[in-house]
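Residue numbers (the UniProt record's numbering), protein chains in the order written: chain A, 1 to 776; chain B, 1 to 163.
Note that the Cβ used here is the ideal one computed from N, Cα and C, for glycine as well.
Below is one structure; the comments refer to it alone.
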Ligand code: FES
Ligand code: FES
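Set out below in structure tokens:
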């Protein structure tokens, strides 16, 4: 009986349901409170900092100069590319501030309230400079460089042009020109950032409990910034309240916090509030994509010519750098479409705004929106149905090499779309739509087909020329004397249910039940080096590594059993907690084998005592794929959009736990819908963030998110050892394109174009006013 | 302002004597003074609902409630929801139907639903959606939370009918 493919309730849940989860802030008892004094201005030179009289300070105030004197170095995110501009990121701003909310001083006091009181007595004098906020500001002829190191305000740039691009546009029967914009968004996990740093006098070590996705990398980055022996630091990611990419970065607050902990030799807690998370956490998706597509009369895509701009904010996030959005956009724009000629320039543009860091999907929601709008709009011009447009352009032969050199493994782009179209029943919808229109109601249907690059190891990151190249995973597996298994993983799950899924995978390899497998993650003292959980990688890479480690355990169990039963090890099968000798009715409990190799190891002179194995995995990467179909009704009076149906046909390869996979898809789609319709961060022209509370940012509630209908295909990947592909981001990647496509279909009688997401009621009303449609 | 008030809080049936500043909110008192860290704080401005607890059976935002306002009231937190080893039907159904991922919003969701079902055990799907829309979850896309509340309501009604 196999555990893989079963909807097993998660092993993680009972503690979380009882309120017994341990999030970092739950560990703050007895700690002194840390607060940061933040810049009220987007850009300027610090001319002075007024502090209270020393005798009035009940606590400590630290400034940039204190950290410098303590040997703290700025964080440096490095890309080894000639077009990359390297800008050091200080833990506290010393000479200049470059975004509103940048930390300028750190205060430490006995309680949160006292720390707040103390922070309020620190005044920062700033000689303002011209704020550079938008992409337009940054690229203006006379724009002030945000940093001395970034003349022209371009931090990184990728570009390529195949020789045939211009000819393809000359030959084209139809050219579609898009100018699409995504407003700035943020991952907004329900738990904010923060950490508890605890000093251990006996060892001289500091343990940092923090809400992060990459504890090992964070430790390396902190040790570099603090110029200390990495062994003096332990980083623990306990239960983490969501990350979605935003907790991958080494934020400067962590550097200051750990430094202060070493210095004061006290337990310290920094727990950011929601406003700080909006101001100084990471932002994403502030992007403008100007793209032209050349099509033949038959609707074949011939070439793309594009200028992609991503506002990466004031700094380059460590370790993945500010290249994460623009370089992904550049490399992955072609998506699942088959065409030859590609001329794209993609820039990461710096500005006086909060730093960009990955957010679920990264550049792919926008690049999927772009490709899908090309298909829809070309189809409309050429009189070809949108589904037919995609049939004519999707990749169907594998492996496929895209114009940017990416190699796509086996997938089901066409099949998933056809399945979705069939389930959605277009003819029935078109009939409903016609009937509704006759009654003055506007229904629309939209389609998005896309690939989700997942589970990529060091080769993919190395191609981006990152100085720190993440990608492999390591796993240690140990079977104890009672047959219980401990799996220590370098990945660092934070809500995905990875522990359960890995336990299912390993259970099948070793022949025991998942609840006998304890998975330990997120502690640099207790797990082997690994890169954490991000980029839809954990099931593929940590899964592959776990499988290798588990297979070695199984091998050893077979050898032990073979010796004890006096049969060849190859004849032993493991299952249901037993080692069974083929062709006999003899078996031994696996627990007995484990006990023997621990307690009677002298009987096995050929073997090492105990059962401990390692697994490493560093795959090239694979592509999941999906088709999303969305039905909406648009109220042309209010501009409001209601989603009536959202359908997903997903192909994520082998499903380990279908319930968990569906949960990832549904949560991802909800964030994608939020991107499409609701959420945006708004800076005014001075760089003040106008949306710094949950009430302003408008994350959707259960009243806005419809049921998500999910169907599966399972194309096993030849590029992953388990056959599983990643599934963490797809929902978010496809949803905006499907929603926008549906809105435009609904408003087709008015000829409305949606060019900016979120498509808020204001924007839809404005588009309706501008459109030359029939008068209403 | 830093003067402390002596209050008694009754939480999950046990009473605790505390000295709190008047400005201390109930969430902090539960978490920091009583060590009941199951109640989470996601925004401290009354929007997310992660901090929801029951006060005399009604859901309240503990981040917007002063600890001293809770004096004399019966407070229930997620730690008191299960009956010993036996999970509450809401907890059981959240588990079975995957109503949680990171678990950060979960205590607030559970307490909100527990309070709402106590007030109206016969909520229909629309009423459940209406009530649950006062709390935010960033992970699940909500559907499984609504399904779990529905399923728990059905179990509780059946149990109530039996017993
Ligand atoms: S923490 Fe109380 S509502 Fe968000
Ligand atoms: S489960 Fe993560 S916020 Fe709801």
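Q) Under 8 angstroms between C-beta atoms, does residue 678 (chain A) make it to chain B? A) Walking along the first chain from the start, residue 678 (chain A) turns up at place 678. For residue 678 (chain A), the answer is no, since every Cβ of chain B falls outside 8 angstroms of its Cβ.
Q. Can the beta-carbon of residue 295 (chain A) be found closer than 8 angstroms to that of residue 173 (chain A)?
A. Translated into positions along the first chain, residue 295 (chain A) becomes position 295. Translated into positions along the first chain, residue 173 (chain A) becomes position 173. Contact: yes.
Q.
Given this structure, state the Cα-to-Cα distance separating residue 455 (chain A) from residue 120 (chain A), to the nearest angstrom.
A. In the first chain, counting from the first residue as 1, residue 455 (chain A) sits at position 455. In the first chain, counting from the first residue as 1, residue 120 (chain A) sits at position 120. Their Cα atoms are separated by approximately 46 angstroms.
(Q) What would DSSP say about residue 438 (chain A), mapped onto helix, strand or coil? (A) Here residue 438 (chain A) is taken as the residue at index 438 of the first chain, counted from 1. In the structure shown, residue 438 (chain A) sits in a helix (DSSP, three-state: H, G or I).
Q: Indicate, with yes or no, if ligand 1 has a heavy atom lying under 7 angstroms from the CB of residue 47 (chain B).
A: By one-based count along the second chain, residue 47 (chain B) stands at place 47. Yes, since a heavy atom of ligand 1 falls inside the 7 angstroms radius drawn around the Cβ of residue 47 (chain B).
(Q) Spatial neighbours of residue 204 (chain A) within its chain, please: C-beta separation below 8 angstroms, excluding the five flanking residues on both sides. (A) Within the first chain, numbered from 1, the residue matching residue 204 (chain A) stands at position 204. Around residue 204 (chain A): 232.
**Q.** Pairwise C-alpha distance: residue 109 (chain B) and residue 227 (chain A)
**A.** On the first chain, position 227 is the one that residue 227 (chain A) refers to. On the second chain, position 109 is the one that residue 109 (chain B) refers to. In a straight line, the C-alpha of residue 227 (chain A) is about 44 angstroms away from that of residue 109 (chain B).
Q | Buried or exposed by the 16-neighbour rule on C-beta atoms within 10 Å, applied to residue 638 (chain A) | A | Translated into the one-based positions of the first chain, residue 638 (chain A) becomes position 638. Result: exposed.
Q) In its own chain, which residues sit with a C-beta less than 8 angstroms from the C-beta of residue 385 (chain A), not counting the 5 before and 5 after it? A) Residue 385 (chain A) sits at position 385 when you count from the first residue of the first chain. Same-chain partners within the cutoff: 379.
Q) Is there at least one Cβ from chain B nearer than 8 angstroms to residue 292 (chain A)'s Cβ? A) For this step, residue 292 (chain A) is matched to residue 292 along the first chain. Answer no: the Cβ-Cβ gap between residue 292 (chain A) and chain B never drops below 8 angstroms.
Q: Go to residue 61 (chain B), then tell me how far its alpha helix (DSSP H) extends in each direction, as first and last residue.
A: Taking the first residue of the second chain as 1, we reach residue 61 (chain B) at position 61. Not the alpha helix (DSSP H): residue 61 (chain B) falls in the beta strand (DSSP E), residues 58-61.
Q | Sufficient close CB pairs (3 or more, under 8 angstroms) joining the region 497-513 of chain A to the region 319-335 of chain A | A | no
Q: Could you check how far apart the C-beta atoms of residue 371 (chain A) and residue 335 (chain A) are, in whole angstroms? I think they sit under 8 angstroms.
A: The residue you call residue 371 (chain A) lines up with position 371 of the first chain. The residue you call residue 335 (chain A) lines up with position 335 of the first chain. Between residue 335 (chain A) and residue 371 (chain A) the Cβ distance is about 5 angstroms, and since that is below 8 angstroms, they are a contact.
Q. What are the uninterrupted segments assigned as beta strand (DSSP E) that are 3 or more residues long and contained completely in the region 672-755 of chain A, given in chain order?
A. 708-713
Q. In the DSSP assignment, what are the bridge partners of residue 128 (chain A)?
A. Locating residue 128 (chain A) in the first chain gives position 128, where the first residue counts as 1. A:44.
Q: Give the DSSP-derived three-state secondary structure of residue 347 (chain A) in the structure shown.
A: To locate residue 347 (chain A), count along the first chain from 1; it is residue 347. Residue 347 (chain A): strand per DSSP, three-state reduction.
Q | Amino acids of chain B, ordered along the chain, whose beta-carbon sits closer than 8 angstroms to that of residue 26 (chain A) | A | Numbered from its first residue, the first chain carries residue 26 (chain A) at position 26. Result: 31, 37.
Q: Rank B:156, B:129, B:87 by C-alpha distance to the C-alpha of residue 121 (chain B) and give the top, closest one.
A: Reading the second chain from its first residue, position 121 is the one you call residue 121 (chain B). The candidate whose alpha carbon is nearest that of residue 121 (chain B) is B:156.
Q. Any residues in the region 61-91 of chain B with a beta carbon nearer than 8 angstroms to a beta carbon of chain A? Which ones, in chain order?
A. 77, 78, 79, 81, 82, 87, 91
Q: Look up residue 10 (chain B) in the DSSP assignment and say whether it is helix, strand or coil.
A: Walking along the second chain from the start, residue 10 (chain B) turns up at place 10. Residue state, collapsed to three classes: strand.
Q: With a threshold of 7 angstroms, establish whether the CB of residue 104 (chain B) neighbours any heavy atom of ligand 2.
A: Residue 104 (chain B) sits at position 104 when you count from the first residue of the second chain. For ligand 2, at least one heavy atom lies less than 7 angstroms from the Cβ of residue 104 (chain B).
Q. Mind checking whether residue 573 (chain A) and residue 565 (chain A) have CB atoms under 8 angstroms apart?
A. The residue given as residue 573 (chain A) occupies position 573 in the first chain. The residue given as residue 565 (chain A) occupies position 565 in the first chain. Not in contact: residue 573 (chain A) and residue 565 (chain A) (Cβ atoms no closer than 8 angstroms).
Q: Using only the heavy atoms of ligand 2, determine whether one of them is closer than 7 angstroms to the beta carbon of residue 81 (chain A).
A: Within the first chain, numbered from 1, the residue matching residue 81 (chain A) stands at position 81. Not under cutoff, so the answer is no.
Q) Any beta-carbon of chain E closer than 8 angstroms to the one on residue 107 (chain B)? A) The chain inventory of the structure shown lacks chain E, comprising the protein chains A and B.
**Q.** residue 53 (chain B) beta carbon less than 8 angstroms from that of residue 47 (chain B)
**A.** By 1-based counting over the second chain, the position of residue 47 (chain B) is 47. By 1-based counting over the second chain, the position of residue 53 (chain B) is 53. No, the pair does not count as a contact, with Cβ atoms beyond the cut-off.
**Q.** Complete runs of the alpha helix (DSSP H) confined to the region 56-127 of chain B [at least 4 residues]
**A.** 89-96, 106-119
Q.
Using a Cβ-Cβ distance cut-off of 8 angstroms, determine whether residue 777 (chain A) contacts chain B.
A. With chain A running from 1 to 776 in the structure shown, residue 777 (chain A) is simply not present.
Q: Compare the C-beta of residue 273 (chain A) with all C-beta atoms of chain B and state if any pair is closer than 8 angstroms.
A: For the purposes of this step, residue 273 (chain A) is taken as the residue at position 273 of the first chain. So, interface residue.
(Q) Taking the beta carbon of residue 522 (chain A) as the centre, do at least 16 other beta carbons fall within 10 Å, making it buried, or is it exposed? (A) The residue given as residue 522 (chain A) occupies position 522 in the first chain. Buried is the call here.
Q | Alpha-carbon spacing of residue 685 (chain A) relative to residue 92 (chain B), whole angstroms | A | Within the first chain, numbered from 1, the residue matching residue 685 (chain A) stands at position 685. Within the second chain, numbered from 1, the residue matching residue 92 (chain B) stands at position 92. Spanning the two alpha carbons is a distance of roughly 50 angstroms.
Q) Taking only runs of the alpha helix (DSSP H) that begin and end inside the region 15-92 of chain A, which ones reach a length of at least 4 residues, in chain order? A) 64-69
Q. Got a sec? Which residues, its chain only, sit under 6 angstroms from residue 62 (chain A) by beta carbon, not counting five neighbours each side?
A. Your numbering for residue 62 (chain A) matches position 62 in the first chain. Within the same chain, residue 62 (chain A) has close Cβ partners 106.
(Q) Three or more C-beta pairs under 8 angstroms: does that hold for the region 518-534 of chain A against the region 215-222 of chain A? (A) yes
Q: Run the proximity test for residue 731 (chain A): is its beta-carbon closer than 7 angstroms to any non-hydrogen atom belonging to ligand 2?
A: The residue you call residue 731 (chain A) lines up with position 731 of the first chain. No - ligand 2 has no heavy atom lying nearer than 7 angstroms to the Cβ of residue 731 (chain A).
Q: Could you say which of A:186, A:744, A:192 lies nearest to residue 446 (chain A) if we only look at CA atoms?
A: Counted from its first residue, the first chain places residue 446 (chain A) at position 446. Among A:186, A:744, A:192, the Cα nearest to that of residue 446 (chain A) is on A:744.
Q. Taking a cut of 7 angstroms between CB atoms, which residues from the region 591-616 of chain A lie near chain B?
A. none
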